[in-house]
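Asks:
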Amino acid sequence: MLFPPRCVSCRERGSLLCAKCRDEFELVEPPLCPHCGRPMVSDRLCPLCQREPLQIDGIRSVAYFDGTLREAIHHFKYYNLQDLAIPLGKSTSDYWKKSPLPAEIIVPVPLHIDRLRERGYNQATLLARELGKSIGLPVSENSLVRVRATRPQVDLKAQERKENVRDAFRCSNMGLMEKRVLLIDDVYTTGATLEACSIALRQVGARSVWALTLARARSW
Ligand SMILES: [Zn+2]
Ligand SMILES: [Zn+2]
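For the sequence shown, numbering that gives the first Met the number 0 begins at 0 and goes up steadily by one.
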């Protein structure tokens, strides 16, 4: 190997993300809102879920979108470092082993085809494959389609995010009927994207839809 990999965070040689830096991820620990996974002082429904419950059955995240994890996800998405799916997928499967969710099939949150062509890969699909291999669940990569290009959610306020992703997803795989689906994405901000995906999956009769994201924005 002419160029042995270096850790994207500490630059140590040997791997794209060393074990020491992976240990620095700040895990999302209970107590959490049982529905949206928001960190709380007790395991009660959070005020937002009390006021306006999501239709998705539940959302959980591995770690906060900060520091080393934020850096790693940035490299994973924008620097074509697809092999980061391996250590990041390991963090996701480590989480799963402690806190599994109801699931029979994994579905990654899709990118719009234009974005997919531009980037060359969907980071959520790569994570889903790693998790699927590790926990022995099938991954359905093309069941869910993003039919409408959407603006980056990060620039929008909560209400605008909902509008932005409304009807943006379609599911045509009737094979998901009666299945317990696990959605996978890299980052959870308001949950509007996950909610829109879950509505599309419910339309084909999915029995339940839970979501697991690698990272969770702290401010939501
Ligand atoms: Zn490192
Ligand atoms: Zn909640």
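Beta carbons: idealized from backbone N, C-alpha and C, even for Gly. Keep in mind the model is a prediction, meaning the values are calculated, not measured.
Report the three-state DSSP secondary structure of A62 (helix, strand or coil).
Replies: Your numbering for residue 62 matches position 63 in the sequence shown. Strand at A62.
Asks: Please tell me whether, using a cut-off of 7 Å, the distance from the CB of K97 to the nearest non-hydrogen atom of ligand 1 is below it.
Replies: As a position in the sequence shown, residue 97 is number 98, starting the count at 1. No - ligand 1 has no heavy atom lying nearer than 7 Å to the Cβ of K97.
Asks: For P119, which three-state DSSP category applies?
Replies: Along the sequence shown, one-based indexing puts residue 119 at 120. The displayed chain sequence assigns Gly, not Pro, to residue 119. Reduced to three states, the DSSP call for G119 is coil.
Asks: If you pair each beta-carbon of the stretch 135–143 with each one of the stretch 206–214, do three or more pairs fall below 8 Å?
Replies: The stretch 135–143, when compared against the stretch 206–214, does not touch it at the 8 Å Cβ threshold.
Asks: Helix, strand or coil for D82? Go by DSSP, reduced to three states.
Replies: On the sequence shown, position 83 is the one that residue 82 refers to. Of the three classes helix, strand and coil, the one that applies to D82 here is helix, per DSSP.
Asks: Taking 8 Å as the threshold (C-beta atoms), are A127 and V146 in contact?
Replies: In the sequence shown, residue 146 corresponds to position 147, counting from 1. In the sequence shown, residue 127 corresponds to position 128, counting from 1. Cβ distance not < 8 Å, so V146 and A127 don't count as in contact.
Asks: What residue range is occupied by the uninterrupted alpha helix (DSSP H) comprising R21?
Replies: Here residue 21 corresponds to residue number 22 of the sequence shown, with the count starting at 1. Start and end: A18 to R21.
Asks: Can you list every residue whose CB sits closer than 5 Å to some heavy atom of ligand 2, going in chain order?
Replies: Listed by chain position, these are C32, H34, C35, R37, C45 and C48.
Asks: Could you tell me which residues DSSP puts in a beta bridge with T212?
Replies: What you label residue 212 is simply residue 213 of the sequence shown in a count that begins at 1. In DSSP, T212 forms a bridge with S60 and D184.
Asks: Taking 7 Å as the line, does the beta carbon of E11 fall inside it for any heavy atom of ligand 1?
Replies: Counting from one through the sequence shown, the residue named residue 11 turns up at place 12. Yes - ligand 1 has a heavy atom lying nearer than 7 Å to the Cβ of E11.
Asks: Between which two residues does the beta strand (DSSP E) carrying R169 extend?
Replies: As a first step, residue 169 must be located in the sequence shown, where it is residue number 170. Start and end: F168 to C170.
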